[in-house]
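*Asks:*
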């Protein structure tokens, strides 16, 4: 299950892209402290993945094609951890650039 911040326009916009590249990815608005800082993914064994690792797991496990699943492996690297962190810290500013509503944070 992939959890996202439904109060964040940029996050909802990003989820739209994630679901286009995946198949049968269960999603749900998240709650609590995690969702204020990270998207998260809970695998079938109930292991929790945060941030860039959540996106990587969603792509690796639910990717529509082998190329998308490989991209999930690439995203699960320190470089993308840094990129995710920068985007997460600025998500309230990014919504306007993608035509999404501004975050409520």
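In our numbering, the protein residues as written are 1358 to 1462.
Ideal Cβ positions, reconstructed from N, Cα and C, are used throughout, including at glycine.
(1) Which stretch, first to last residue, makes up the beta strand (DSSP E) that contains residue 1367?
(2) Please state the DSSP three-state secondary structure of residue 1440.
(3) In the DSSP output, which residue or residues are listed as bridge partners for residue 1360?
(4) My parser needs the alpha helix (DSSP H) runs of 4 or more residues fully inside the segment 1396 to 1425; what are they?
(5) The alpha helix (DSSP H) that contains residue 1448, what's its start and end?
(6) Under a three-way DSSP split, which group does residue 1455 fall into?
(7) What do you reckon, are the CB atoms on residue 1448 and residue 1378 nearer than 7 Å?
(8) Tell whether a beta-carbon distance below 7 Å holds between residue 1406 and residue 1414.
*Replies:* With the structure as the only source:
(1) For residue 1367, there is no enclosing beta strand (DSSP E); the enclosing alpha helix (DSSP H) covers residues 1366 to 1378.
(2) Residue state, collapsed to three classes: helix.
(3) Paired residue(s): 1385 and 1397.
(4) Complete alpha helix (DSSP H) runs here, min 4: 1409 to 1419.
(5) Taken as a continuous stretch (DSSP letters only), the alpha helix (DSSP H) holding residue 1448 covers 1448 to 1451.
(6) Residue 1455: coil per DSSP, three-state reduction.
(7) The answer is no: Cβ separation not under 7 Å.
(8) A Cβ-Cβ contact shorter than 7 Å links residue 1406 with residue 1414.
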